[in-house]
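Worksheet: one structure, shown below.
In the numbering used here, the protein residues as written are 5 to 335.
Okay, structure coming up:
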């Protein structure tokens, strides 16, 4: 059997088992087809069924998350933790709280996390989790109640040497604090290694908050160097307005770029004078309001409904920092 024949046979099997999970199927297909030359060179990998094992999660956990809102109404969300692969170490991957979350998205993220983590050279496996809970518009009290209920179910499946969740979309330092507090209460143990993204005063890491956004810009700068260019003086569009986008903007500006557009799920802002990052941080991180508030406070800025329009903004460098599958062929 050739490498291509093997990969196509496995993909057919994956599609039958996960027929309604587009995001997961797209991710598996992209990775698997890129491995055809590897399987041609190493037929022993085919005999050992390596690809079949990689594409099937070791464990899939789905659970109910009931909580009570400020009006006294019971709400019920769905929680997930996909422990995808622990071949080289404990499962590691973020928790995403967003209304779009479903099994397909969590599985695709967990699958990709395997390879991301292995590239660090550290003994870390791959996993992902989250819920279709939407933190937008919720009070601190409601978010705390949800996080406590979520962790009440999740805690039995995680641990410093088993599975180490982190933050992702909708899960920042506030949510991690609530989750870690509930974990400590339930386990009666101060396991500092069970969650990453904690505050510095209780076991967090320096530069953890900035790491993803800064890392993206360092990577972009290396790509530009290959083309004999630099990000200094370039006009840049960065999608998103969360943790990743904010620190990508910060590092891009530090390296001399002019960032002119950002967005959230409702729309995008264009500021020809360059994005005022402290104002974005005030609106998004402190006041937790929508990005359109930026245009109200900054006369040089314009706000446009619908975040897809951000890709029409003229720029030298475009960096997607919001969510998966942001850019299509038309964009």
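Using N, Cα and C, we set each Cβ at its ideal position, and we do this for glycine too. Keep in mind the model is a prediction, meaning the values are calculated, not measured.
Query raised in the report: Which runs of the alpha helix (DSSP H), 4 residues or longer, sit entirely within the stretch 211 to 248?
Result: 212 to 230
Report task. Return the chain-ordered list of same chain residues with a C-beta closer than 7 Å to the C-beta of residue 313, the five sequence neighbours on each side being excluded. Result -> 272
Query - Proximity winner among 28, 199 and 164, relative to residue 180 (alpha-carbon distances) - result: 199
Query raised in the report: In this structure, does DSSP put residue 300 in helix, strand or coil?
Result: helix
Query raised in the report: Going straight from the alpha carbon of residue 191 to that of residue 257, what length do you get?
Result: 43 Å
Report task. Measure from the alpha carbon of residue 262 to the alpha carbon of each residue in 299, 292 and 221, then state which is nearest. Result -> 221
Query raised in the report: Which full runs of the beta strand (DSSP E) of 3+ residues lie inside the stretch 144 to 176, going along the chain?
Result: 167 to 170
**Report entry** Where residue 292 falls, given that 16 or more other Cβ within 10 Å makes a residue buried
**Finding:** exposed
**Report entry** Simplified DSSP assignment, three categories, for residue 359
**Finding:** Examination of residue 359 is not possible in this model, given that the chain is present from 5 through 335 alone.
Query raised in the report: Does the Cβ of residue 282 have 16 or more other Cβ atoms within 10 Å, making it buried, or fewer, making it exposed?
Result: exposed
Query - residue 48 - containing alpha helix (DSSP H), residue span - result: 47 to 51
Query raised in the report: Just reading off the beta strand (DSSP E) that residue 309 is part of, what are its end residues?
Result: 305 to 309
Requested in this report: Just confirm the distance between the C-beta atoms of residue 295 and residue 325, as a whole number of angstroms; I'd bet it's less than 8 Å.
Outcome: Contact flag wrong, Cβ pair sits at about 13 Å.
Query raised in the report: CB of residue 270 to nearest heavy atom of the ligand PLP: below 8 Å?
Result: The ligand PLP is absent from the structure shown, which contains no ligand whatsoever.
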